[in-house]
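Q: Got a structure for you, written out below as C-alpha cells; questions coming shortly.
The following block contains the structure:
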C-alpha cells in the first residue's frame, strides 16, 4: 500500500512514483547530450522504485523526506552528474517557490512599504518608524508559523475564507502572551516591586507616583498584545496626593508662611495637575516593545475625598487643555468616568 504524501501546504495526495521518475529524467536530460532516452528512463524507474520501497510501510510521508531519499539514491548510484543536477534543480525550485510564497510577498510588501492593508491595519501603530516595522515583521512570521504549524487545518481554512476570524494571529498562538491586563497599581505602589534593574519603593509624592505609573504602563503594554486598564485610579493615587500635601504643609510651617494650609493646598493642586499632565504626555509619546502607544484606559470618578476629587479634576482639566500648542485631544489614556447615585 502506497503512503499518503503531505505536501508543503499541508495537502495530502497519493504517492506517485511517476513524479519521482519525471524529476530524475529532467535532471538527467539537463546534463545528457549523448545518452539515449531509454537508458535515462530505466535509471529513473530504478530510482523511483527504490524510493517507494523505503516508504511502502509508512502511512504518511513528508514531501521533503521523499526528495531527500531521491538525492540519496542518486548520490549512491553510478550517475553522480545526474545527482548534482537534481540537487541544483531542487535548490532552484526551492528558491523560486520561496519567492512566490505568501510569507515572502508579505515581507516584501513591508520592506517596500507597498502593502497598504498591513501598514494601515492598526491606527495605533506608525508603520513608518523602525520599531513598528520590526513588530510588523515579527507579526508576519508569527501569522505564517501559526497557520502552517500550530492551528488545525479546518480552523485555518475557515479563517482564510472569512467564515471565522482568529484575532491577533500576529501574537497568538505563537507566543504565550496575555491579551488585556488589569493592573494592580494599588498593590504595586503599596508594597513595592522590582522592574528591570530597579527596586521600586512606595512613592513619596503624587508626581513620583504618576511617573512610576507611566513606567508600569509601558512595561505591561510591552508584554501583552491588548489593552491595559487601571481602574479607580483616583482612589488608588489619592494617598500620594495626601503625602504631597503633608510635605508642602511641612515646608510652609518650616518657613513660617502665614496661611500654611492654603499654601500647601495650592502647591498640591499645582503638583497634581502637573503630575497628570506629565503622565498624559508620557503615555502619548512613548512606544512599547510592540511599536505602538499603550492602549491604556483609566477608570475613575467614585472617589469622594479631597485628594480623589483633585485627581479627577486634574485628569479632566488636562484632557480639556489638550496636547501641545494646538491643544490636540489626547488619544490615550481612554477615560471612563463612573457615575453613581449619591456621589
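In the UniProt record's numbering, the protein residues as written are 1 to 343.
A virtual CB, placed ideally from N, CA and C, is assigned to each residue, including glycine.
(1) In angstroms, rounded to a whole number, what distance separates the CA positions of residue 36 and residue 61?
(2) Whole-angstrom Cβ separation of residue 331 and residue 293, contact assumed at under 8 Å?
(3) Please return the same chain residues whose Cβ sits closer than 7 Å to the Cβ of residue 119, not counting the five positions on each side in sequence.
(4) Can the beta-carbon of residue 203 be found less than 8 Å from the beta-carbon of residue 189?
(5) Excluding the five sequence neighbours on either side, which residues of its own chain have a C-beta within less than 8 Å of the C-beta of residue 102, listed in chain order?
(6) Find out if the Cβ-Cβ distance for the pair residue 44, residue 70 is shorter than 8 Å.
(7) Let me check one thing: in DSSP terms, what residues is residue 14 bridge-paired to?
(8) For the candidate residues 253, 258, 242 and 250, whose alpha-carbon lies nearest to that of residue 269?
(9) Output the boundary residues of the beta strand (DSSP E) element that contains residue 194.
(10) Identify the residues that DSSP records as bridge partners of residue 299: which are they?
(11) State the DSSP-derived secondary structure class of residue 323, mapped to helix, strand or coil.
(12) Within 10 Å of its beta-carbon, does residue 304 have 16 or more other beta-carbons around it, so buried, or fewer, so exposed?
(13) Quick check on this structure: which residue in 53, 302, 283 and 52 has the alpha carbon closest to the alpha carbon of residue 323?
(14) Can you give the beta carbon distance from residue 340 to residue 279, rounded, assuming they're within the 8 Å contact cut?
(15) Taking 8 Å as the cut-off, does the segment 193-203 touch the segment 225-234 (at least 3 CB pairs, one atom from each stretch)?
(16) Since I believe residue 171 is in contact with residue 225 (beta carbons under 8 Å), could you give me their beta-carbon distance rounded to a whole number of angstroms?
(17) Cα separation between residue 252 and residue 244?
(18) Anyone know if the C-beta pair for residue 223 and residue 177 falls short of 8 Å?
(19) I need the boundaries of the alpha helix (DSSP H) containing residue 238, first residue and last residue.
(20) Measure the C-alpha to C-alpha separation of residue 109 and residue 115 and round it to an integer number of angstroms.
(21) Residues in its own chain within less than 7 Å of residue 264 by CB, not counting five upstream and five downstream?
(22) For the beta strand (DSSP E) that contains residue 257, what are its first and last residues?
(23) Rounded to the nearest angstrom, what separates residue 300 and residue 289 at their Cα positions?
(24) Determine the contact status of residue 50 and residue 73, defining contact as a CB-CB distance below 8 Å.
(25) Considering Cα atoms alone, identify which of 10, 82, 41 and 9 is closest to residue 18.
(26) Taking the continuous beta strand (DSSP E) assigned at residue 224, which residues delimit it?
(27) When you compare each of 260, 306 and 52 to residue 237 by their alpha carbons, which one comes out closest?
(28) With DSSP as the reference, identify every bridge partner of residue 113, one or two as the case may be.
(29) At which residue ranges does the segment 38-81 contain complete beta strand (DSSP E) runs of 3 or more residues, listed in the order of the chain?
(30) Thinking C-beta only, is residue 174 closer than 8 Å to residue 142?
(31) Spatial neighbours of residue 317 within its chain, please: C-beta separation below 8 Å, excluding the five flanking residues on both sides.
A: According to the structure shown:
(1) On the chain shown, position 36 is the one that residue 36 refers to. On the chain shown, position 61 is the one that residue 61 refers to. In this prediction, residue 36 has a pLDDT of 45, which is less than 50 and means its spatial position is unreliable; what the coordinates show is noted afterwards. When rounded, the distance between both Cα atoms is 33 Å.
(2) Here residue 331 refers to the residue found at position 331 of the chain shown. Here residue 293 refers to the residue found at position 293 of the chain shown. Right, their Cβ atoms sit about 7 Å apart.
(3) The residue labelled residue 119 in the question sits at position 119 within the chain shown. Cβ neighbours of residue 119 beyond the five flanking positions: 113 and 127.
(4) Residue mapping note: residue 203 aligns to position 203 of the chain shown, counting from 1. Residue mapping note: residue 189 aligns to position 189 of the chain shown, counting from 1. Contact flag set, yes.
(5) Locating residue 102 in the chain shown gives position 102, counting from the first residue. Same-chain partners within the cutoff: 144.
(6) As a position in the chain shown, residue 44 is number 44, starting the count at 1. As a position in the chain shown, residue 70 is number 70, starting the count at 1. The answer is no: Cβ separation not under 8 Å.
(7) The residue labelled residue 14 in the question sits at position 14 within the chain shown. Partner(s): 4.
(8) The residue you call residue 269 lines up with position 269 of the chain shown. Answer by Cα proximity: 242.
(9) Residue numbering aside, residue 194 sits at position 194 when the chain shown is read from its first letter. Taken as a continuous stretch (DSSP letters only), the beta strand (DSSP E) holding residue 194 covers 193-195.
(10) One-based indexing of the chain shown puts residue 299 at position 299. 336, per the DSSP bridge assignment.
(11) As a working mapping, residue 323 is identified with position 323 in the chain shown. Three-state result, residue 323: strand.
(12) In the chain shown, the residue the question calls residue 304 occupies position 304. Under this definition residue 304 is an exposed residue.
(13) Taking the chain shown and counting its residues from 1, one reaches residue 323 at position 323. Ranking the options by Cα distance to residue 323, first place goes to 283.
(14) Position 340 of the chain shown, counted from the start, is the residue given in the question as residue 340. Position 279 of the chain shown, counted from the start, is the residue given in the question as residue 279. The Cβ separation is near 25 Å, so there is no contact.
(15) no
(16) Reading the chain shown from its first residue, position 225 is the one you call residue 225. Reading the chain shown from its first residue, position 171 is the one you call residue 171. Sure, about 4 Å apart at Cβ, within 8 Å.
(17) On the chain shown, position 252 is the one that residue 252 refers to. On the chain shown, position 244 is the one that residue 244 refers to. The alpha-carbon atoms of residue 252 and residue 244 are separated by roughly 12 Å.
(18) Along the chain shown, one-based indexing puts residue 223 at 223. Along the chain shown, one-based indexing puts residue 177 at 177. A contact, by the Cβ cut-off of 8 Å.
(19) The count along the chain shown starts at 1 and reaches residue 238 at position 238. Looking at the DSSP string, the run of the alpha helix (DSSP H) that includes residue 238 is 238-254.
(20) Along the chain shown, one-based indexing puts residue 109 at 109. Along the chain shown, one-based indexing puts residue 115 at 115. Roughly 5 Å between the two C-alpha positions.
(21) Reading the chain shown from its first residue, position 264 is the one you call residue 264. The residues are 245, 248, 249 and 252.
(22) Residue mapping note: residue 257 aligns to position 257 of the chain shown, counting from 1. Per DSSP, residue 257 belongs to no beta strand (DSSP E) and is neither H nor E.
(23) Here residue 300 refers to the residue found at position 300 when the chain shown is read from its first residue. Here residue 289 refers to the residue found at position 289 when the chain shown is read from its first residue. If I take the Cα positions, the gap works out to 27 Å.
(24) Taking the chain shown and counting its residues from 1, one reaches residue 50 at position 50. Taking the chain shown and counting its residues from 1, one reaches residue 73 at position 73. Cβ atoms of residue 50 and residue 73: closer than 8 Å.
(25) Here the question's residue 18 lines up with position 18 in the chain shown. For the residues 10, 82, 41 and 9, the minimum Cα distance to residue 18 belongs to 41.
(26) As a position in the chain shown, residue 224 is number 224, starting the count at 1. Note, residue 224: premise wrong, no beta strand (DSSP E); not H, not E.
(27) For the purposes of this step, residue 237 is taken as the residue at position 237 of the chain shown. Nearest option by C-alpha distance: 306.
(28) Within the chain shown, the letter at position 113 stands for residue 113. According to DSSP, residue 113 bridges with nothing at all.
(29) 60-62
(30) Walking along the chain shown from the start, residue 142 turns up at place 142. Walking along the chain shown from the start, residue 174 turns up at place 174. Cβ atoms of residue 142 and residue 174: closer than 8 Å.
(31) On the chain shown, position 317 is the one that residue 317 refers to. The residues are 273.
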